[in-house]
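Note sheet for the following structure.
Numbering (the numbering used here), first residue to last: 5 to 142.
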């Protein structure tokens, strides 16, 4: 089962989001990711594996700063467990980032319609389709 943690406030979001993800570990998952917003810049880190793997990757990439953050643990429903299918997902423009829990049953037909409009997809997830659908209609 997926887990989602978010924080907006005066403190650094990363340790709060990571602690929340660690508390959700008992639920089972195959990948984890975090997105942070810091001084007008969005930083994203995601990986197949445990929260400990995410911590190691985020620390090595320097993705730990920001007062706004979202974290996700994923249990694959669309697409195999890997770094690309892990959440969060950017829209094609890079202006939107999304984390999602649930299943979009008709994502295949939506994806085909978006591809006809020029959208491209990196993952096999319904979540990446959703973020691009939101971008398309906004």
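We put the beta carbon where it would ideally sit given N, CA and C, even for glycine.
Top-ranked residue by Cα proximity to residue i, from the options
{"i": "residue 102", "options": "133, 122, 51 and 15", "result": "133"}
{"i": "residue 95", "options": "58, 140 and 72", "result": "140"}
{"i": "residue 60", "options": "12, 38 and 107", "result": "38"}
{"i": "residue 68", "options": "86, 52, 85 and 46", "result": "46"}
{"i": "residue 2", "options": "116, 91, 117 and 122", "result": "Outside the displayed span of the chain (5 to 142) sits residue 2, for which this structure offers no information."}
Neighbourhood of residue i by C-beta distance below 8 Å, restricted to the same chain and skipping five residues each side
{"i": "residue 119", "result": "125"}
Delimiting residues of the beta strand (DSSP E) encompassing residue i
{"i": "residue 127", "result": "From DSSP, residue 127 is part of no beta strand (DSSP E); its letter is neither H nor E."}
{"i": "residue 74", "result": "72-78"}
{"i": "residue 8", "result": "7-12"}
Other residues of its chain near residue i: CB distance less than 6 Å, five sequence neighbours each side excluded
{"i": "residue 129", "result": "82, 83 and 89"}
{"i": "residue 70", "result": "17, 40, 41 and 42"}
{"i": "residue 135", "result": "93, 95, 100 and 102"}
Own chain residues within Cβ distance below 7 Å of residue i, not counting five before or after
{"i": "residue 25", "result": "7, 9, 36, 55, 75 and 77"}
{"i": "residue 114", "result": "133 and 137"}
Open item on the list: Any contact between the segment 60-77 and the segment 30-45? By contact I mean 3 or more CB pairs, one from each, below 8 Å.
Closed with: The answer is yes - the segment 30-45 touches the segment 60-77, with three or more Cβ pairs under 8 Å.
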